[in-house]
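Going by this note's numbering, the sequence shown opens with residue 231, and the numbers climb by one from there. In this text, a Cβ means the ideal position worked out from N, Cα and C, and glycines have one as well.
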Amino acid sequence: MVATAALCAVYQVLSRRLAGVEGSETSIFHTAVTALALSFLALPFAWRLPSLEQWATLALIGAIGGGGHFLPIQAFAHAPASLLAPLVYRQMVWATLAGWLLFDEWPDLASILGVVIGAGGGLFVFLAESCPGRGG
231 MVATAALCAV
241 YQVLSRRLAG
251 VEGSETSIFH
261 TAVTALALSF
271 LALPFAWRLP
281 SLEQWATLAL
291 IGAIGGGGHF
301 LPIQAFAHAP
311 ASLLAPLVYR
321 QMVWATLAGW
331 LLFDEWPDLA
341 SILGVVIGAG
351 GGLFVFLAES
361 CPGRGG
């Protein structure tokens with residue numbers, strides 16, 4: 231989970247840095263090619279020829295996932311990262327709701343504490359940067 235969080239942060243920082251230099255289409259292309267290349271590492275161990283229904287599902291996942299990457303890249307091109315970062319915490323709310331409704335799971339105390347610490351830290355940074363006279 232720590233590695234995932236770190237890679238997500240690197241992705242967001244790189245997306246923000248490239249937003250003023252490259253077009254959104256170029257960024258999403260490089261993201262897709264990188265993901266495809268990394269996926270090939272698992273190919274010898276896990277490949278099974280998908281059925282027609284599975285190909286359709288994969289295409290739908292690809293379209294939704296592509297949009298899920300394209301829209302934040304567009305957002306980084308039009309807004310500062312400090313404004314966008316707190317919006318990421320909405321994902322935790324939706325993931326918790328989906329876990330409850332779809333899988334009848336509720337987060338344990340450690341998960342809730344992690345969310346509170348993470349969201350609190352993000353809110354602290356956001357407020358510190360947005361207060362006049364605080365360097366923001």
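Exposure of residue i, with buried meaning 16 or more beta-carbon neighbours within 10 Å
{"i": "P302", "result": "buried"}
{"i": "F306", "result": "buried"}
{"i": "S281", "result": "exposed"}
{"i": "L353", "result": "exposed"}
{"i": "S269", "result": "exposed"}
{"i": "S341", "result": "exposed"}
For residue i, the three-state DSSP class (helix, strand or coil)
{"i": "F275", "result": "helix"}
{"i": "G253", "result": "coil"}
{"i": "A325", "result": "helix"}
{"i": "F333", "result": "helix"}
{"i": "A309", "result": "coil"}
{"i": "C238", "result": "helix"}
{"i": "S281", "result": "coil"}
{"i": "G366", "result": "Confidence at G366 is low in this model, with a pLDDT of 48, below 50, so the placement of that residue should be treated as unreliable; the coordinate-derived value is given next. In this structure, G366 counts as coil in the three-state DSSP scheme."}
{"i": "A265", "result": "helix"}
{"i": "F354", "result": "helix"}
Minimum C-alpha distance to residue i - residue among the options
{"i": "G351", "options": "Y319, H260 and H308", "result": "Y319"}
{"i": "L360", "options": "Y241, V243, A311 and S269", "result": "In the sequence as displayed, the identity of residue 360 is Ser instead of Leu. Of the listed residues, the one whose Cα sits closest to S360 is A311."}
{"i": "S254", "options": "A293, F275, G297 and W324", "result": "G297"}
Same chain only: Cβ atoms within 6 Å of residue i, ignoring 5 sequence neighbours per side
{"i": "A349", "result": "Y319"}
{"i": "H299", "result": "I258 and T261"}
Contacts around residue i, its chain only, beta-carbon distance under 8 Å, and the 5 residues preceding and following it disregarded
{"i": "S245", "result": "S257, P302, I303 and F306"}
{"i": "G250", "result": "A307"}
Close beta carbons around residue i, own chain, < 7 Å, minus the five adjacent residues each side
{"i": "T326", "result": "P337"}
{"i": "E335", "result": "G329"}
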